[in-house]
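In my numbering, the protein residues as written are 1208 to 1473. From the three backbone atoms N, C-alpha and C, an ideal C-beta is built for every residue, glycine too. Here is the structure we will look at.
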Amino acid sequence: MINFPNAKINIGLNITERRADGYHNLETVFYPIGIKDALEIMEAGELTFEASGIGIPGRVEDNLCVKGYHLIKKDHDLPPVSIHLHKNIPIGAGLGGGSADAAFFIKLLDQQFALNLTIEQMESYARQLGADCAFFIQNKPVYAHEKGDVFKPVQLDLSAYKIVLVMPPAHVSTGEAYRGVRPKRSEASLQELVQLPVANWRHHIKNDFEESIFKNHPVIRGVKAALYEAGALYASMSGSGASVFGIFESVPELGMLEKENQVYYL
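Listed below in structure tokens is the structure:
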């Protein structure tokens, strides 16, 4: 059985406070986009994990799909499976690719072995694997708050626009991103701000990670500037970077950006 985990972008990202458990509270809007991995599972004699496409760093046992298998096996009589992941979503990009793989893996297990899990049960498993994993269970635009794992539906449809995502040759670690921000309560509700016309977002919706990351990684700052120069109605870094997306009324000409960056037209 196979499915195709997709990426997400963050529209706005406000770090509102540091929590007692060491995490941060935040608010953001998650919006699914069409860059996809391919994930396949088959019943097998033993649990195995193979990957192709973009190289995945780290140990196999630390992969979120493998962790998801062991998590659900505690509660359900699962046979061993072979897992194959073809990685296409850029890694370290702020696109939630690993989280998407984990969530879609949970959905695959549910379908393959008729576990009859509810949406709430699947989201509960996903939350144990990562803060934004649960978003990908329903995979619909949401306003996310607390650790980014508590959701409220948001009416947002960008299908009339062209989204372009640019992945520059840069890497931003999550630790670096959080060291550069000072938590602060938002003055206006992001839930309300995303209801403004997209052309107005530039003046009201921000990503708190950008200020420090742009200082340390001018190439990322340059990508955002180039998207605005090309006519973007709104441009922002996604998550903690390093990818940057632009929302356009029509497909832009970005030949200069294509020379040194990965560019996806969505």
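As assigned by DSSP and simplified to three states, the class of residue 1255: strand
CB-CB length for residue 1220 against residue 1416, believed under 8 Å: 6 Å
Cβ neighbours of residue 1243 in the same chain (closer than 8 Å, five flanking residues each side left out): 1211, 1212, 1213, 1214, 1295 and 1296
Sequence-distant residues of the same chain with beta carbon closer than 8 Å to residue 1354, five excluded per side: 1226, 1230, 1231, 1232, 1233 and 1338
Three or more C-beta pairs below 8 Å linking the segment 1413-1427 and the segment 1257-1276: no
Neighbour-count burial assignment, residue 1454, 16 or more Cβ in a 10 Å radius: buried
Spatially closest choice to residue 1293 from 1304, 1299, 1283 and 1352, by CA coordinates: 1304
Proximity below 8 Å, CB of residue 1371 to CB of residue 1239: no
Inter-residue CB distance, residue 1251 and residue 1306 (contact presumed, cutoff 8 Å): At roughly 25 Å, the Cβ-Cβ gap does not stay under 8 Å, so residue 1251 and residue 1306 are not in contact.
Nearest neighbour of residue 1398, chosen from 1209, 1218 and 1208 [CA to CA]: 1218
Nearest neighbour of residue 1498, chosen from 1313, 1222, 1424 and 1279 [CA to CA]: The structure shown does not extend to residue 1498, since the chain spans only 1208 to 1473, so no value can be given for it.
Length of the line joining the Cα atoms of residue 1278 and residue 1316: 12 Å
Uninterrupted beta strand (DSSP E) stretches inside the segment 1348-1419 (no shorter than 3 residues): 1349-1352, 1357-1360 and 1369-1374
Bridge-paired residues (DSSP) for residue 1211: Paired residues: none, contrary to the question.
Sub-8 Å separation of residue 1432 and residue 1411 beta-carbons: no
Euclidean distance between Cα positions of residue 1169 and residue 1430: This structure leaves residue 1169 out entirely; the chain is present only between 1208 and 1473.
Inter-residue spacing [alpha-carbon to alpha-carbon] between residue 1268 and residue 1408: 41 Å
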